[in-house]
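Note that the protein sequences, when read in sequence, are chains U and P. Here my numbering = 1-based position in the first sequence + 445. Here my numbering = 1-based position in the second sequence + 4. For reference, the structure is listed below as structure tokens.
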Amino acid sequence: MSDDQELVTAVIARAPGAFERLIARHKALVWHVVYRMVKHPEDARELSQDVFLRVHQRLHQYRFESSLATWIGRVAFSVASRHLQKKRLPLAEPANDEESDALDDVGDGFDLEAACADRETMQLLNAAIEELPPVQRTLVTLYHLDEMGITEIGTITGLPEGTVKNYLFRARQRLRRQLETRLGVTA
Amino acid sequence: MNTNDVDRDMRLQVEAERAEREGLPAGRDPRVDRYRLVMRALRQPLEPRLPADFDSRVAELALQRDGDGFEDLLVSLLLLAMGIGALLFVGPSLAKMAQSIVNISLPQLPWHSAVMAGICIGVVWAVDRLLTLQGWKRTHPGACVF
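See the structure below:
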């Protein structure tokens with residue numbers, strides 16, 4: 446029996462401590478999805494709680510067709526999306542192909558390790574991540590921080606794989622542009 | 005942005021991802037290095053985080069809700085039984101009362117019907133008080149514990 450199956454069976458059987466173990470195992474993922482989507486810490490905490498209560502209530506519907514993490518991530522994404530829709534906030538922005546840059550001209554001596562150690566640069570990048578539209582912000586976090594694959598991310602968000610790849614590409618490109626503006630790199 | 009720019013950026017992103025995964029030294033291509041920096045920023049843990057006692061409190065709340073469901077079922081069954089019992093006892097009186105309403109005249113209203121109605125209201129009030137005193141009745145079912 447896999448880890449997921451064992452845990453799910455224990456939670457459904459109301460084994461002592463089982464649901465707490467499930468929360469401990471998946472709370473980081475839920476927090477990443479919900480916080481990245483809604484951005485507001487108080488709302489995100491409340492919604493994360495809602496996600497787990499919903500998981501507890503509906504765990505018997507989980508059919509092991511995907512990993513438990515993917516299934517829980519999907520619940521989290523759906524709860525957070527509904528919250529944004531209720532507030533009439535846009536989830537993603539339409540693709541914009543008009544922007545252009547001339548990266549070929551760049552031939553500066555950029556020092557990766559020095560930039561990484563520079564607090565201001567990292568703060569700027571974090572602020573730029575916060576400014577991404579909710580879905581893009583969530584996708585880059587699931588991909589880079591949670592190290593999830595494109596297929597899993599597609600299952601969680603209900604987006605086609607091509608769209609996930611496109612959003613990831615554009616988000617990283619936008620962040621790179623912001624970084625270059627900050628560094629004063631000639632575009 | 006033209007197709008060449010998109011292709012070039014895609015290639016740079018793939019290279020940056022591979023360089024990060026394999027821990028390759030930086031400095032070969034500043035364009036790749038800038039994407040590597042973006043990827044490092046994206047791998048940083050999120051701040052703020054969930055409270056340390058999140059797991060235990062939410063687990064407790066979930067179990068409490070399980071219990072609430074069972075209690076709700078018991079209360080519903082009790083109320084249903086009381087309703088059926090009341091109908092059996094009060095049924096004949098209700099029939100009499102309906103007859104007397106046809107010939108309405110306030111002083112002739114059957115006094116025992118009024119007493120039965122009073123008893124019903126009293127029982128409902130007592131059950132409600134009992135549930136409240138035992139702490140079974142939820143005041144804010146969806147309230148956040150944080």
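Glycine included, each C-beta is placed from N, C-alpha and C at the ideal position. Keep in mind the model is a prediction, meaning the values are calculated, not measured.
Taking C-alpha positions only, G89 of chain P is separated from I601 of chain U by approximately 52 Å.
Within the segment 453-524 of chain U, the complete alpha helix (DSSP H) segments at least 4 residues long are 463-483 and 486-503, listed from N- to C-terminus. Identification of residues in the segment 462-480 of chain U having a C-beta nearer than 7 Å to some C-beta of chain P yields F464, E465, I468, A469, K472, W476, H477 and Y480, given in sequence order.
Closest in C-alpha terms to F497 of chain U, from the list U:R466, U:D591 and U:V483, comes U:R466. Taking C-alpha positions only, T7 of chain P is separated from Q17 of chain P by approximately 15 Å. Contact of T586 of chain U with chain P is assigned, a C-beta pair being separated by under 8 Å. Secondary structure note for K610 of chain U: its alpha helix (DSSP H) is the uninterrupted segment E606 to L628.
Close partners of R40 of chain P in chain U (Cβ separation under 9 Å): L557 and C561. Per DSSP, the unbroken alpha helix (DSSP H) holding A20 of chain P starts and ends at T7 to E26.
In the structure shown, the three-state DSSP call for S97 of chain P is helix. Residue nearest to L504 of chain U within the set U:Q494, U:L492, U:V520 and U:E491 is U:V520 (criterion: CA-CA distance). Minimum Cα-Cα distance from R15 of chain P among the listed residues P:R53, P:F93, P:D37 and P:A63 corresponds to P:D37. The three-state reading of DSSP puts D448 of chain U in helix, counting H, G and I together.
K532 of chain U and E487 of chain U have their C-alpha atoms roughly 15 Å apart. Among the residues facing chain P, P605 of chain U is not included, as its CB has no counterpart in that chain under 8 Å away.
Residue environment for F555 of chain U: buried (at least 16 other C-beta atoms within 10 angstroms of its C-beta).
Between C561 of chain U and the set P:G87, P:L46, P:A102 and P:D33, the nearest pair of CA atoms involves P:L46.
The way I'd put it, the segment 576-592 of chain U does touch the segment 43-63 of chain P; three or more beta-carbon pairs between them come closer than 8 Å.
Of all C-beta pairs linking the segment 457-474 of chain U to the segment 53-69 of chain P, three or more are shorter than 8 Å, placing the two stretches in contact. Here Q618 of chain U has no same chain residue with a Cβ atom under 6 Å from its own Cβ, once five neighbours each way along the sequence are excluded.
Going by DSSP, Y588 of chain U is part of no alpha helix (DSSP H) at all; its letter is neither H nor E. Only those residues of the segment 618-632 of chain U whose C-beta falls short of 7 Å from the nearest C-beta of chain P are listed: Q618, L620, R621, L624 and E625.
For a Cβ distance threshold of 8 Å, nothing in chain P lies close to P578 of chain U: the least Cβ distance comes to about 15 Å. If you look at M567 of chain U, you'll find it in the alpha helix (DSSP H) that goes R564 to E575. With distances taken between CA atoms, L557 of chain U lies nearest to P:A20 out of P:A63, P:A20, P:A121 and P:C124. C-alpha of M567 of chain U to C-alpha of Q530 of chain U: approximately 31 Å in a straight line. Boundaries of the alpha helix (DSSP H) harbouring G599 of chain U: I595 to T602, taken from the DSSP string.
For R38 of chain P, the enclosing alpha helix (DSSP H) has its first and last residue at P34 to R47. Taking 8 Å as the cut-off, the beta carbon of V609 of chain U is found closer than this to the beta carbon of L584 of chain U. F522 of chain U has a beta carbon lying at 8 Å or more from every beta carbon in chain P.
Think of a sphere of 9 Å around the beta carbon of V62 of chain P: the chain U residues whose beta carbon falls inside it are F464, E465, I468, K472, S493, Q494, F497, L498 and H501, in chain order. In terms of Cβ geometry, L50 of chain P and H477 of chain U form a close pair [threshold 8 Å]. Neighbourhood of D37 of chain P in chain U, by CB distance below 7 Å: F555 and L557, in chain order. Identification of chain P residues near I601 of chain U by a Cβ-Cβ cut-off of 7 Å yields none; the smallest Cβ-Cβ distance measures about 17 Å.
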